[in-house]
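Undergrad: Before I ask anything, let me first share the structure, which is written out below as structure tokens.
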Amino acid sequence: MSVPVLLLEAAGPESEALAQTAAASGHLVHAVTDTATRATYSGELRQLLAGCLVTDFALPEQALTDITGYGRRIGAKALLTVNEYLTDVAARACAALGLPGNDPEHAAAARNKALMATAFEAAHVTAPRTRIVADLSELRDLHAVGAVGFPCVVKPADGAGSAGVTVVASPEELEPAWLAAREARVMYGLRRDGCVLIQDHVPGREFSVESVTQHGVTTHLCITRKHTTGGIHRVELGHALPARLPAATERALLDQADRAIAAVGVRNGATHTELVLSPDGRCTVLEIGARLGAGHIGVLIQHALGIDPWRTLWDIALGHPATITPAPDGYATVRFLTTPHAGRLVAVTGLPAVTTTIPAVRVRAAEGAHVGPATSNRGRLGHVIVTGHDAGAVDDQADRILRQITVTVDPGSGT
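The sequence shown begins at 2 in my numbering and counts up one residue at a time.
In structure tokens form, the structure reads like this:
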């Protein structure tokens, strides 16, 4: 049956996939966005939409009033977002409209990492020791009394995509990292939280747990292994799923994910829980998002597990029973293209052809664009997805493909 549904932001690959899935099911898709972002909507996306509400997300209470009023006028039967910055207002709008959503009293803790640290502590989630710093003088005082150890991680309270996150190895690097966290860009002109988090650095292998929750009951879809850079900026260079780990290790990761999901009040929808597995087997939750994992994790889930995450999310948002049966032997990985050099992008060569086992090859940075070393996930230039049944063979093929690709940058044109 065709029904009107609300999508908070239709821009971006994950959001567009949600819009396409709903439209293909015959639903009337209405998007909510702001003026600047709506101008970037492609003609194809605009044709999918039955309507569009333009609001100002930088004014949260006004945006909530606009969304709920619009939802009532169109008779919205579901409301969804996969946008990191909009999960809080989505939970509040669902509650106001009587639609399946997350706990509006706790939803901000999945968006603001200072609130998240407090929620984790209250729920006994194993997480890094965290200091919340309001200004530079407070940071200097903490360092003076030996309350800041090294290495540590400095991050903004309201960032996303690793923007403004620095691994600090010495006292000299502390203040520049604090400034980088304060200057990290956020979307929609949202009011910044001036607080900065100083966290103990937890060494180990990085994973994420991809989950969906319906009526408070969580199903873990898979564990994802992450490829990240070293150095002061830990940018994700790839994801691979499902990670196959010893049973006891999987149970430990999933137990911590369950605790984190409950701590931030997720009742209906997807979660992406990021964790570190230390050499001694200890599992530490770094953070959680009340959304599907970005970086094409949804596409990997489709190829490796045979699950359509977009349809699953709409089923949950509509209150329909979500049936999830993962395929037993699939595997998929995405690898991102980056460059260590700043300058003008001249060319990307050596890209493979799209095949049944290489279903996606894309360069998103335009020739002539100014690029540079990736200091956040926004610095990725493109991606390649490889799929198959043998995890080792798929990873080897992805590594070979990356070695064959050349990113040419003219350093004389750097900015």
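Every residue, glycine too, gets a C-beta built ideally from N, C-alpha and C.
1. When the distance is taken between beta carbons, is L81 closer than 8 angstroms to L314?
2. Helix, strand or coil: which one does DSSP assign to S212?
3. Secondary structure at F58, three-state DSSP: helix, strand or coil?
4. Would you mind stating whether E211 and K227 have Cβ atoms separated by less than 8 angstroms?
5. Taking contact to mean 3 or more Cβ pairs, one atom from each stretch, closer than 8 angstroms, check whether the segment 134-151 and the segment 188-201 are in contact.
6. Output the distance between the C-alpha atoms of V33 and H216, rounded to the nearest integer angstrom.
7. Tell me the residue span of the alpha helix (DSSP H) that contains E17.
8. Measuring alpha carbon to alpha carbon, tell me which of G70, E62, T41 ends up nearest L54.
9. Would L29 pass as a contact of V83 if the rule is Cβ separation under 8 angstroms?
10. Helix, strand or coil for C53 per DSSP?
11. CB T250 to CB G270, shorter than 8 angstroms?
12. Can you tell me the Cβ-Cβ gap for L352 and V362, rounded? I've got them flagged as a contact below 8 angstroms.
13. Name, in chain order, the residues that DSSP records as bridge partners for L242.
14. Taking its Cβ as the centre, do 16 or more other Cβ atoms sit within 10 Å of D391, making it buried, or is it exposed?
15. What is the rounded straight-line gap between the Cα of P412 and the Cα of F151?
16. Suppose you measure from the CA of A399 to the CA of G393; what does that come to, to the nearest Å?
17. Rounded to whole angstroms, what is the Cα-Cα separation between D396 and G76?
18. If you measure from the beta carbon of L19 to each beta carbon in chain B, is any gap under 8 angstroms?
19. Report yes or no: do the segment 118-126 and the segment 255-266 share at least 3 C-beta pairs separated by less than 8 angstroms?
20. Applying the 10 Å Cβ sphere with the 16-neighbour rule, what's the burial state of V203?
21. Please say whether A291 and T1 have beta carbons closer to each other than 8 angstroms?
22. In chain order, what residues of the same chain have a beta carbon less than 6 angstroms from the beta carbon of C95, not counting five sequence neighbours either side?
23. I'd like to confirm the pairing. Which residues does DSSP put opposite V126 in its beta bridges?
24. Ends of the beta strand (DSSP E) at S384?
25. Assuming contact is defined by CB atoms lying nearer than 8 angstroms, are H240 and G162 in contact in what I supplied?
26. Relative to the C-alpha of G72, which candidate in T41, D256, I325, L8 has its C-alpha closest?
27. Based on Cα-Cα distance, which residue from P360, A11, P61 lies nearest to Y42?
28. Put L8 into one of helix, strand or coil per three-state DSSP.
TA: Looking at the atomic coordinates:
1. Locating residue 314 in the sequence shown gives position 313, where the first residue counts as 1. Locating residue 81 in the sequence shown gives position 80, where the first residue counts as 1. Their beta carbons are under 8 angstroms apart, which means L314 touches L81 by this criterion.
2. For the purposes of this step, residue 212 is identified with residue 211 of the sequence shown, where counting begins at 1. DSSP places S212 in strand when its eight states are reduced to three.
3. Stepping through the sequence shown from its first residue, residue 58 is reached at position 57. Reduced to three states, the DSSP call for F58 is coil.
4. Translated into the one-based positions of the sequence shown, residue 211 becomes position 210. Translated into the one-based positions of the sequence shown, residue 227 becomes position 226. Taking 8 angstroms as the Cβ cut-off, E211 and K227 do not qualify as a contacting pair.
5. yes
6. Position 32 of the sequence shown, counted from the first residue, corresponds to residue 33. Position 215 of the sequence shown, counted from the first residue, corresponds to residue 216. If I take the Cα positions, the gap works out to 25 angstroms.
7. The residue labelled residue 17 in the question sits at position 16 within the sequence shown. Its alpha helix (DSSP H) spans residues 14-25.
8. As a first step, residue 54 must be located in the sequence shown, where it is residue number 53. Of the listed residues, the one whose Cα sits closest to L54 is G70.
9. Along the sequence shown, read from residue 1 onward, the residue named residue 29 stands at position 28. Along the sequence shown, read from residue 1 onward, the residue named residue 83 stands at position 82. No, these two residues do not count as a Cβ contact at 8 angstroms.
10. Position 52 of the sequence shown, counting from 1, holds the residue named residue 53. If DSSP states are grouped into helix, strand and coil, C53 belongs with the strands.
11. For the purposes of this step, residue 250 is identified with residue 249 of the sequence shown, where counting begins at 1. For the purposes of this step, residue 270 is identified with residue 269 of the sequence shown, where counting begins at 1. Cβ atoms of T250 and G270: not closer than 8 angstroms.
12. Numbered from 1 along the sequence shown, position 351 holds the residue referred to as residue 352. Numbered from 1 along the sequence shown, position 361 holds the residue referred to as residue 362. Sure, about 5 angstroms apart at Cβ, within 8 angstroms.
13. Residue mapping note: residue 242 aligns to position 241 of the sequence shown, counting from 1. Answer by DSSP bridge pairing, in chain order: A333.
14. Looking up residue 391 in the sequence shown gives position 390. Label assigned to D391: exposed.
15. If you number the sequence shown from 1, residue 412 lands on position 411. If you number the sequence shown from 1, residue 151 lands on position 150. If you take the alpha carbons of P412 and F151, they lie about 33 angstroms apart.
16. Walking along the sequence shown from the start, residue 399 turns up at place 398. Walking along the sequence shown from the start, residue 393 turns up at place 392. If you take the alpha carbons of A399 and G393, they lie about 10 angstroms apart.
17. Locating residue 396 in the sequence shown gives position 395, where the first residue counts as 1. Locating residue 76 in the sequence shown gives position 75, where the first residue counts as 1. Cα to Cα, D396 sits roughly 47 angstroms from G76.
18. Annotation note: the requested chain B is absent from the structure, which comprises a single protein chain.
19. yes
20. Counted from its first residue, the sequence shown places residue 203 at position 202. The residue is buried, with at least 16 neighbouring Cβ atoms inside 10 Å.
21. Because residue 1 is not part of the residues shown, which for the chain are 2 to 416, the question remains open.
22. The count along the sequence shown starts at 1 and reaches residue 95 at position 94. Correct list, in chain order: L80, G102.
23. The residue you call residue 126 lines up with position 125 of the sequence shown. Answer is none; V126 lacks a bridge partner.
24. Walking along the sequence shown from the start, residue 384 turns up at place 383. Here the sequence assigns His to residue 384, which means Ser is not the residue at that position. H384 -> beta strand (DSSP E) spans 383-389.
25. Position 239 of the sequence shown, counting from 1, holds the residue named residue 240. Position 161 of the sequence shown, counting from 1, holds the residue named residue 162. For H240 and G162, no; Cβs fall outside 8 angstroms.
26. For the purposes of this step, residue 72 is identified with residue 71 of the sequence shown, where counting begins at 1. Nearest option by C-alpha distance: L8.
27. Taking the sequence shown and counting its residues from 1, the one referred to as residue 42 is at position 41. Closest option to Y42, Cα to Cα, is A11.
28. Position 7 of the sequence shown holds residue 8. Strand.
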